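Residue numbers (the numbering used here), protein chains in the order written: chain G, 1 to 348; chain D, 1 to 348. All remarks here apply to the structure that follows.
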């Protein structure tokens, strides 16, 4: 918790831009055949042969998307990669390369950036992707990370948000709400720390949900599993903003409605118990919490036997005609219209 | 000069993220055959057939790379695209797509972002590229723009920084130092304005250099010209940090030395006269000014007849054995070692 102020500090101005990029990326290995030329020229050169390429990009801003008082820089680097890979997998593609740009203030030392890049390098190694470019510049305030990710897929394999059909099943991977409740725990401990800096937090009872917040994993395994099970979802999206918002995206772009069953939403026991501790409704958390980076997809009912009893998947509803609207069917068997919670960053 | 405070203002919080992206990109047309799916899903889908792909990315940060008190937002959008396309052309590639992400504080209205995106749209239209993705988020302070650009080239056509050979000619496009002197004029007028806001600056005598600073053009035409003239440079880089720094990059990566002739460096008459007005040495400006976005390249002497007398090109020196070092040969015929000016942003 909270930055160690006594760590070794090498000022960034001692290196200059070129020294910095060379230094931060010198351990990065190139593994993808499609990477012909990586960092060190005006641009990287890639060869995707005859495959289609997916491209996605995300910005993470200090004070908006992360708080360094409880987010270790190494985890932040890892998470910045995961957020982008998750979008690649949500297209049913294999991730191959990323570029990483950072804007950083003088407040950060070289050692701090090495921590950040060690998280990026770990993510790249575990997910078998190449870091092929980036930019490093100064900022007047905090830290900002911009990642662009690339992936490849065969020409007929892309899964859009727009392909869901009435009667398709709505399926989610993993469980929901953990990342949001992890954030609540971390925010509470930060307040405790502010009051008494000698009070070291005991995060032991919250290990799972804190890890869901600080070190999420993108579902690379699911894209492989689809291939293995011979399933092509009709529509897919990753859960970054919350289940509710993502269902509405699929419904809007596919021109369908949806019935989502409250009692089917997968929740980890730790999420349930921490929701009770915080006196928050766990369904609300799963619907609106976000940052779970699970995949939400629809499949034809004909494919149901292929996913039945697979612990990675939970069927949570089905798609309907558009006129029927988008609803949550509660445990009490009443229907409530699902609403987007919108994007609150600009209201902050 | 200086923002108009009375312009129409729609608060960003009125739209939310999805409304904002839709709104800002709704006029953007898709023209490239290689763009299969653009903005609106988890990722864009591109099909580059059997060509190689180049990828480059740059961050522009308010207060570091631009000053909105004299940089109109429309020009800023245009320039953010040019900076990246310039890197694509420096690989000898054709630019095809970009993604644009912005982090923006509440200080900016929707109308301000529309201005920014109209500059991006103009650049995309004139340079025939598609805007295929991006992210829009809030920041706690100013404006930050992250652009990633894509281009394609045939498999044997990539030109790296590393291919220069001793006796190759060193050639530059256009003229140098204009963007830096334009910045000096704008900075001076800003100080005048601060003292007396009623004093409207007369920029008429500085039109060329101010435009070099505010609205640079990437040299798309040169890549076409190489194709037409059947020239493949042995090495190439774009001039973003200054001639001196770029020559040193080529020499380092190609393991060669260089003799650069001071009297051959192309300068616009306006640059020369404004350098006199500011009492700055014009060679120093050309060597270290940066932001000219011209192309610097080396060619085999056998190719000299193909570029001779072409007004786009100036031969400014030749490459030597690495042991001979990198030198400026002055008008007085003395040799001075060229030094990198380094990257000063972190010292600010």
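Cβ coordinates follow ideal geometry from the N, Cα and C atoms, glycine included. Every value quoted in this text rests on a predicted model; they were computed, and no experiment measured them.
Straight across, the Cα-Cα distance linking residue 211(G) with residue 205(G) is about 12 angstroms. At a cut-off of 8 angstroms between beta carbons, residue 37(G) contacts chain D. Neighbours of residue 48(G) in chain D, taken as residues whose beta carbon is under 7 angstroms from its own, are 48, 53 in chain order.
Residue 116(G) has a beta carbon lying at 8 angstroms or more from every beta carbon in chain D.
No Cβ of chain D is located within less than 8 angstroms of the beta carbon of residue 268(G). Residues of the region 217-239 of chain G with a C-beta less than 9 angstroms from any C-beta of chain D: 236, 237, 238, listed in chain order.
Nearest Cα to residue 119(D) within the set 136(D), 87(D), 78(D), 246(D): 78(D). Buried is the label assigned to residue 85(D), since at least 16 other Cβ atoms lie within 10 Å of its Cβ. For residue 70(D), there is no enclosing beta strand (DSSP E), as DSSP gives it neither H nor E. Residue 164(G) sits away from residue 59(D), with the two beta carbons spaced by 8 angstroms or more. Using a Cβ distance threshold of 8 angstroms, residue 267(G) and residue 338(G) do not count as a contacting pair.
Within the region 129-141 of chain D, contact with chain G at the beta-carbon level (separation under 9 angstroms) is assigned to 132, 133, 134, 135, 136, 137, 138, 139, 140, 141. A straight-line Cα-Cα distance of about 7 angstroms links residue 248(G) and residue 326(G). Residue 335(G) sits exposed, since fewer than 16 C-beta atoms from the chains shown fall within 10 Å of its C-beta. Residue 155(G) and residue 255(G) have their alpha carbons spaced roughly 24 angstroms apart. Using a CB distance below 9 angstroms, the part of the region 160-180 of chain G facing chain D consists of 160, 161, 162, ordered along the chain. Here the alpha carbons of residue 159(D) and residue 233(D) stand approximately 7 angstroms from one another. Residue 159(G) sits in coil when the DSSP states are folded into three classes, being neither helix nor strand.
Proximity to residue 207(G) across 219(G), 193(G), 181(G), 329(G) peaks at 181(G), based on C-alpha coordinates.
In this structure, DSSP gives residue 168(D) a state outside helix and strand, which the three-state scheme calls coil. Within 8 angstroms of the CB of residue 192(G), no CB atom of chain D is found; the nearest one sits about 24 angstroms away. Bounds of any beta strand (DSSP E) do not take in residue 51(D), whose DSSP letter is neither H nor E.
In this structure, DSSP gives residue 319(G) an extended state, which the three-state scheme calls strand. Boundaries of the beta strand (DSSP E) around residue 327(D): 326-329.
Between the beta-carbon of residue 149(G) and that of residue 87(G) there is about 7 angstroms, and that keeps the pair under the 8 angstroms contact cut. The alpha carbon of residue 242(D) has as its nearest neighbour, out of 294(D), 235(D), 236(D), 275(D), the alpha carbon of 294(D). With distances taken between CA atoms, residue 229(D) lies nearest to 306(D) out of 100(D), 184(D), 306(D).
Here residue 80(G) carries a helix assignment [DSSP, helix/strand/coil]. For residue 137(G), the beta-bridge partners assigned by DSSP are 103(G). Along the length of the region 240-271 of chain D, whole beta strand (DSSP E) runs at least 3 residues long occupy 256-261, reported in chain order.
Chain G places a beta carbon closer than 8 angstroms to that of residue 88(D), counting this residue as a contact.
Around the CB of residue 74(D), 16 or more other CB atoms lie within 10 Å, so the residue is classed as buried. By the neighbour-count criterion, in which 16 or more other beta carbons inside 10 Å mark a residue as buried, residue 278(G) falls on the exposed side. Distance from the CA of residue 258(G) to the CA of residue 172(G), rounded to the nearest whole angstrom, comes to 14 angstroms. Across the set 169(D), 197(D), 218(D), the C-alpha of 169(D) shows the shortest separation from the C-alpha of residue 251(D). At a beta-carbon threshold of 7 angstroms, the residues of chain D lying near residue 63(G) are 140, ordered along the chain.
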